[in-house]
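From first to last, the protein sequence lines are chains F and R.
Position 501, counted from 1, in the first sequence is what the numbering used here calls 501; the numbers after and before it change by one each time, with no gaps.
Position 148, counted from 1, in the second sequence is what the numbering used here calls 148; the numbers after and before it change by one each time, with no gaps.
Okay, so here's the structure we're looking at.
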Amino acid sequence: MTDHLPILLLLSPLFGALVCVLFGKGNSKNAWIVSMISLGISSILSVFLLLKVLSIKAGDIRYRMGGWDPSSGYEVGIELRIDILAALIVLAVTLVGFINTIYSKTRVPAEVGEKGPFFYALIQLLIVGLCGIIMTNDAFNLYVLIEITSLTSYALIAMGNRRAALSSFNYVIMGTIGASFYLLGVGYLYIKTGTLNIDDIHTYLENENLWTSQSIIVAFILIMLGVWTKMALFPLHGWLPNAYSYAPSMTGTFMAPLMTKVMVYVMIRVMLWLFGADFVYSEDSVWSELIVWMSVVAIVAGSFLALARNDIKKMLTYLIIAEVGYMVGGAWLNSLTGQAGAFYHILSDAAMTFCLFIAASIVIIRTGESRLNAFDGLFRKMPLTMIGFTIGGLSMIGLPPTCGFFSKWYLISGGIESGHWEFVVALLFSSLINAVIFFKIFERAYFGKIKGIKEEVSVADIDMIPAEGIKSVPASMLIPLFISALSVLILGIMNKNLFSWISNALKMING
Amino acid sequence: MKFFGLLSVIIVGFLLLSATKDFPNWGDEDSPANSGPVSSFYIEKTEEKTKVPNMVTAVLADYRGYDTMFETVVIFIAGIGIIAVLRTYGSNESIPKNQVGDEGAGLLARMTCSLILPFIQLFALYVVAHGHHSPGGGFQGGVMLGASYILLALAYGLARAKSCFSEKRTLVFAALGIFIYVGWGVLCLVMGSEFLNYSALDSILPGGVEMARSHSMLAVEIGVALTVTAIMFSMFSNLSTKGRLDKGL
């Protein structure tokens, strides 16, 4: 049975989604139970998957759909491929999905009303899509699953408040352009190689020595452009802040930590497995230097834009844009430490963004205020929530023993190793700005004067969410916050193990 | 803004065109996509391994059946997404009795519809059932079946169409379609083989390993057709009534 772990962990939320749809309108409670069970199963299975991958030294699990054996060395069917990196991210996705479902228990009836079952169905299908993207070894299958994640996220965002529909529409346009670029790139690769399997494309390109072919270079550029649009790298980030801040809070808490990070994983996969390090970092290509500079611009611009925001969620979304810059830069540094740092940062950024978004959502819901003055005096009134927020914030700034410190440490040492000082400076600069942002909030929360709760909420941004009073944060919202804050610390404390796993897996592909 | 738009279009257009100079010639039979190991396997071995003369269906429903499963899920998501965004559960959910039949088209259109509807549906079923032998398949047949219900709604009003395809029933059918597809794959798992490895089913299906693959393709095509039919009609009824599902166009 353990051979089938990868497909079983996909099937569990898929069936869960079908059951949720059958509940029809209004039955949010049952849908919640079903998705807790299905995502619980899938989280447990992904733990087993990780253990299994760790137990086989220096290798990966492969799973052939339909049992088609390769013909003369080339895969004819679709293959799944799970190494330590993939297993770690699958575990992150399923766990965040499970914990977020706990969080959504009281929020779904409050924010999407009778459409709760459809919400749960869509979010489970989104998890299927994300896990599928991470595990597949087929360039076209990856596109199909990108479609699944995109469509579900458009719908999940548009279920939010009145402004959500327009921001979701912007996302539809940008997301479709991104996905089309990716598809065009895969099409070019297929014309030149006649196969879609990621490893086989690499072998074919290697055997025929097609590295200087114009079509292959253009295919690489197109795929990169597509993935960057999807992950909101700086000049292509326009859709992200509105989409994530106007979405229902339990959509925001799920998508903000995961969507961009999974696309970063896809980028690393395309760079190192599909095209290979020799092509990507080759001496005579102009892009290697250029893209590190682009990521520097993204980090600086994202940090400045975050500093300029007075809206809690908008500020956090601009921080995500800066973090995407970290990971893209790290992946393009041409140093193993940098790549491993970028990869580590995928995990730690998922944990800390999750933590910050849950804390911010609780604050916004409880105070009915979406601007930074919501935090005034909150340490006295909501100490538990603020402790969670503080841990997330400290990790964003990069203070030990949080995971943000260690991943930034590896990124910086990668920058030093490869001589990209501009990247090092940008990282330190962005840490400073994060410190300014978060200590400003901590100061408000410690010394600010608490206000009475507004009866009538006039701010248009949150017109769907009435203030519910500062007291009585339900356990279904505090437990997820604690788990996520704890995971920020655990990922930090486990840094040695994680880093050695990640760099061992990366060493195999870098040769 | 327009200038930047033009600029990016020119750059991307240049990129796309510059890549074509390395392409194999048009219709070149030695190009990798035509004669590579993968496509020559499809062309030479499909008939022998799956007993399905239509290679396109074999690629779609067997070799790359995992993709097609998710394509069906994409259709499903599109329908559910439209309901999740548009559907409003108002008080006017039930239409007064005297309004039923008020909408729809004139007598001539109704008569034409009632004449051609059975043939549309029959042809749609043929396209589904014969998809692995001739052009067609679950998606095409499903779209035709869905269109037949849309035609019914246009001619006789949405209330009439809803009386044979209510909202609850569309959701059940949409989920059932996916369930058939995925369930078929799970059946292969239960029989001790990989997911969607239809050859594992030869002990419960007649005609040996190859025919098991052929029959299984039919089964998953039926699943696809159910989902597509239900989602087509659900999309139409939600979009045309702005999610109120009361009075159609």
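Don't be surprised by glycine CBs; every beta carbon is placed ideally from N, CA and C.
| query | result |
| --- | --- |
| With 16 other Cβ atoms within 10 Å as the buried cut-off, status of F/L9 | buried |
| Whether F/L491 touches F/L498 by CB criterion (8 Å) | yes |
| Delimiting residues of the alpha helix (DSSP H) encompassing R/E48 | P37 to T50 |
| Alpha carbon of F/N207 to alpha carbon of R/G146, nearest angstrom | 48 Å |
| CB contact below 8 Å: R/V85 versus chain F | yes |
| Proximity test, Cβ basis, 8 Å: R/Y126 and chain F | no |
| For F/D463, the three-state DSSP class (helix, strand or coil) | At F/D463 the pLDDT is 43, less than 50, meaning the model places this residue with poor confidence; the figure from the coordinates comes in the next sentence. Note: F/D463 maps to coil in three-state DSSP. |
| Paired residues, beta bridge with F/E79 - DSSP | F/R64 |
| Within chain F, the residues that R/A33 reaches when beta carbons sit closer than 7 Å | Y190, I191 and G194 |
| Chain F residues whose Cβ lies nearer than 8 Å to that of R/S252 | In the structure as shown, chain R begins at 1 and stops at 249. Residue 252 of chain R is therefore absent and cannot be evaluated. |
| F/S413 (DSSP reduced to helix, strand or coil) | helix |
| Distance between beta carbons of F/S215 and R/A19, contact taken as under 8 Å | 4 Å |
| Beta-bridge partners of F/Y74, as assigned by DSSP | F/S71 |
| Close-in-space but distant-in-sequence residues of the same chain around R/A212 (CB under 7 Å, 5 per side omitted) | Y198, S199, L201, D202 and L205 |
| C-beta neighbour in chain R for F/V21, strict 8 Å | yes |
| Beta-bridge partners of F/T136, as assigned by DSSP | F/L80 |
| Residues within the region 209-237 of chain F neighbouring chain R, beta-carbon criterion of under 9 Å | L210, S213, Q214, S215, I216, I217, V218, A219, I221, L222 and L225 |
| F/H202 burial status per 10 Å Cβ neighbour count (16 or more: buried) | buried |
| Cβ neighbour criterion (16 or more within 10 Å) applied to F/M508 | exposed |
| Beta-carbon proximity of F/S295 to F/G325, cut-off 8 Å | yes |
| Distance between R/I80 and R/R110 (C-alpha atoms, nearest Å) | 30 Å |
| Beta-carbon proximity of F/I191 to R/F23, cut-off 8 Å | yes |
| C-alpha distance - F/C131 paired with F/L88, whole-angstrom precision | 11 Å |
| Separation of F/Y246 from F/D461, as counted between CA atoms | Caution is warranted here: a pLDDT of 42 is assigned to F/D461, below 50, making its placement in the model unreliable, and the coordinate value is therefore given only provisionally. Cα-Cα distance, rounded: 7 Å. |
| Coarse secondary structure for F/D278, derived from DSSP in three states | helix |
| Any non-hydrogen atom of the ligand MN within 7 Å of R/Y181 CB | The ligand MN is absent from the structure shown, which contains no ligand whatsoever. |
| Own chain partners of R/L17 with C-beta closer than 7 Å, once the 5 adjacent residues on each side are dropped | none |
| Straight-line gap, F/G68 to F/T195 (C-alpha atoms, nearest Å) | Looking at the sequence shown, residue 68 of chain F is not Gly but Trp. Computed Cα separation, rounded: 15 Å. |
| R/R213 - containing alpha helix (DSSP H), residue span | G208 to S240 |
| Option in F/G448, F/Y318, F/D138 and F/L145 with minimal Cα separation from F/G129 | F/L145 |
| Spatial distance of R/E47 from R/I222 (CA atoms) | 21 Å |
| Coil, strand or helix - F/N540 by DSSP | Outside the displayed range of chain F (1 to 511) lies residue 540 of chain F, so it cannot be described from this structure. |
| Below-8 Å beta-carbon distance, F/S12 vs any chain R residue | no |
| Any C-beta of chain R under 8 Å from that of F/Y246 | no |
| C-alpha distance - F/G414 paired with F/S407, whole-angstrom precision | 11 Å |
| With 16 other Cβ atoms within 10 Å as the buried cut-off, status of F/W228 | buried |
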